[in-house]
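Chains as they are written, first to last, in my numbering: chain A, 1 to 407; chain B, 408 to 630. Even for Gly, the Cβ is constructed at its ideal location relative to N, Cα and C.
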Ligand SMILES: Nc1ncnc2c1ncn2[C@@H]1O[C@H](COP(=O)(O)OP(=O)(O)O)[C@@H](O)[C@H]1O
Ligand SMILES: [Mg+2]
């Protein structure tokens, strides 16, 4: 009966209830859409950055993160390949060498980051191989062929087909040097990278650097971000070499994680402002509806309704509006997010440049991740309960006689 | 049996710091089955007295005994329990909950006692039938006349079989014919069910029909 009473009271002042409802719906949709865009775009960016080069996971020597030198290299043995093949969710892997060197062409020299890769494996793990700008990628094991960052080639004043010389410190501490033919240029979207990278075959790199069969890292592609932690755990458990670590994308790309956290904080701040506005809206309407009914409340208190039940009634009324608002808001939010998944917003011009500085794609995409809907709904529910506290307290303290006299 | 008794009852209001002596020294005793009208001009303290008798307010001095128990110093929630279990109230107007129908309003006070829904419905309906207002069952207060609303209020006040029904000028907003019907109803309940009534009025008709008349003047019982 209390529920029936609350339900009817809710629709007594239709206009006010609808305004309150609209505010809750608006806040819910805004919050869901906004968080959807944020989280969706993060996922998009993480995936694009991770799939471009780093991989979702990497197997590294424990010292490599702090000291990425050849001394932190390791041999990919049967145990590791076996672990990679048997771990569910680990789709492909690619061993690599990371080294520093000096590139010379005629009178020009530049410091470079040397990446030794296996194209056949990389194409299953990462996308940078597709970013060949001109020329082609080298064919695996074809020694003495290299692909160069587009900007680096310009800086060296060289062209595709030219022969350059690479100088690097080897695994054993001696200096290695070798002549290579430039067969293509690669575009990575980021200037500083493009002016300092070269790619060569894994075997070529191993022979240049006298590394035998050692590698610097093994990049791993997984079936996405959702189960990454689990896959990481199960892969780690299978690797017997205690010197090795399995790192997830956020450890490999700490800048990306930081940028996301920064943006996330701004998003949460905005959410906070939205919530405060809604809270005051609810407080205001509930307080009005309560004060208006002091006479009526006085009568029911006089006939013996317990103060707590009356307070409870006011709570149910707010709860009804909030829940309806949340249902409608979640449905609309779902539609909005779905729309932005199917039709993501793509930026051009200045915004695009700004985004690229942060290695982000100039695109906004959403997500239907249920955690957004749950957390937003929960948040708004809590807010409505909190903003109802003061009106409820007034009702709790109301004296029957004060109510009856109240006009 | 004595239902309610007051001892040297005094009520002093503070009106913006100015003390107002609404009741000066009331000694009164009402027994089971009585039908008492408190009369007196406006401002004589009728409402104040009824509020004290109805455990809605606390006296400044003196004592109130309800069924022999001193209720003067009881907690707010205990007074609410006494009101719920032992008392029925009829106010001048706005007695009913606007969003509930007549029968739901009557059921409401039974709900507060935790009576199950089926029993509530049956009891409300049979009492409405008895009082001749069965056809009002599904009407909302705004669909009823003032007299009809007051009859529903009477029904609600007596449905839990209270020891005492208090009514503050229940006929004040009614024309004399309607008021007469309401009085008929209360007299009948008094006679048939032996329900004790105390109500206030300054209406001639009501005063003429009183079985026991208490006249208040300036906070004192005149006769
Ligand atoms: N809450 C209050 N605060 C101050 N004075 C009051 C209050 N209620 C009643 N009074 C005063 O007490 C006196 C008695 O009032 P009341 O009991 O309402 O009389 P009646 O019901 O007979 O008209 C009046 O002088 C009135 O102004
Ligand atoms: Mg009065």
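For residue 544 of chain B, there are no neighbours in chain A by C-beta distance under 9 Å, as the nearest C-beta there is about 15 Å away.
The continuous alpha helix (DSSP H) containing residue 490 of chain B extends over residues 483–493. Sorted by chain position, residues whose beta-carbon lies closer than 6 Å to a non-hydrogen atom of ligand 1 are B:420, B:422, B:427, B:429, B:447, B:449, B:450, B:451, B:452, B:453, B:454 and B:455. Taken in chain order, the complete alpha helix (DSSP H) segments of 4 or more residues contained in the stretch 225–307 of chain A are 228–238, 249–252, 254–292 and 294–302. Setting aside the 5 residues that flank it on each side, residue 287 of chain A is surrounded in the same chain by 391, each with a C-beta closer than 6 Å to its C-beta; the list follows chain order. Chain A places a beta carbon closer than 7 Å to that of residue 487 of chain B, counting this residue as a contact. For residue 201 of chain A, the three-state secondary structure derived from DSSP is strand. DSSP places residue 330 of chain A in the helix class (H, G or I) of the three-state scheme. As the crow flies, the alpha-carbon of residue 167 of chain A is around 39 Å from that of residue 261 of chain A. Remark: fewer than three beta-carbon pairs, one from each stretch, lie closer than 8 Å, so the stretch 386–406 of chain A and the stretch 71–90 of chain A are not flagged as touching. The secondary-structure analysis by DSSP pairs residue 163 of chain A across a beta bridge with A:181.
Judged by beta-carbon spacing, residue 174 of chain A lies beyond the 7 Å limit of residue 56 of chain A, meaning their Cβ atoms are not closer than that value.
Contacts between residue 611 of chain B and chain A, judged by CB atoms closer than 8 Å, are missing: the closest CB pair is about 26 Å apart. Taking the Cβ atoms as the reference, residue 446 of chain B lies roughly 21 Å from residue 494 of chain B, outside the contact range of under 8 Å. If you ignore the 5 residues before and after residue 176 of chain A, its C-beta comes within less than 7 Å of the C-beta of 168, 170, 208, 209 and 210, all in its own chain and listed in chain order. With respect to the 7 Å criterion, residue 443 of chain B and residue 619 of chain B are classified as neighbours on the basis of their beta carbons. Contact between the stretch 284–299 of chain A and the stretch 3–21 of chain A is present: 3 or more CB-CB pairs across the two stretches fall below 8 Å. Residue-level contact by beta carbon holds for residue 302 of chain A and chain B, with a gap shorter than 7 Å. Counting only runs that start and end inside the stretch 547–612 of chain B, the alpha helix (DSSP H) elements of at least 4 residues fall at 553–566 and 583–600.
Among the residues of the stretch 420–434 of chain B, none has a Cβ less than 7 Å away from any Cβ of chain A. Under a criterion of Cβ atoms nearer than 7 Å, the residues of chain B adjacent to residue 9 of chain A are, in order, 506. One Cα belongs to residue 197 of chain A, the other to residue 369 of chain A, and the distance between them is close to 37 Å.
In this structure residue 330 of chain A is buried. Its beta-carbon is surrounded by 16 or more other beta-carbon atoms within 10 angstroms. Think of a sphere of 8 Å around the beta carbon of residue 498 of chain B: the chain A residues whose beta carbon falls inside it are 299, 302 and 404, in chain order. Neighbours of residue 295 of chain A across chain B, judged by C-beta separation under 9 Å: 501. Check the Cα spacing between residue 121 of chain A and each of A:80, A:275, A:295 and A:220: the tightest is with A:220. Residue range 425–438 is occupied by the beta strand (DSSP E) that includes residue 425 of chain B. Residues of the stretch 382–405 of chain A with a C-beta less than 9 Å from any C-beta of chain B: 399, 400, 401 and 404, listed in chain order. For residue 105 of chain A, the enclosing beta strand (DSSP E) begins and ends at 90–105. Looking at A:295, A:228 and A:319, the one whose alpha-carbon comes closest to that of residue 499 of chain B is A:295. With a threshold of 7 Å between beta carbons, residue 12 of chain A makes contact with chain B. Inclusion of residue 548 of chain B and residue 520 of chain B in the CB contact set at 7 Å is not warranted, their separation being larger than that value.
Closer than 9 Å at the C-beta level to chain A, one finds these residues of the stretch 509–529 of chain B: 511, 514, 515, 516, 518, 519, 520, 524 and 527. Counting along the chain, the unbroken alpha helix (DSSP H) around residue 121 of chain A starts and ends at 119–125. Interface annotation for the stretch 459–485 of chain B against chain A: 461, 463, 464, 483 and 484, criterion Cβ-Cβ distance under 8 Å.
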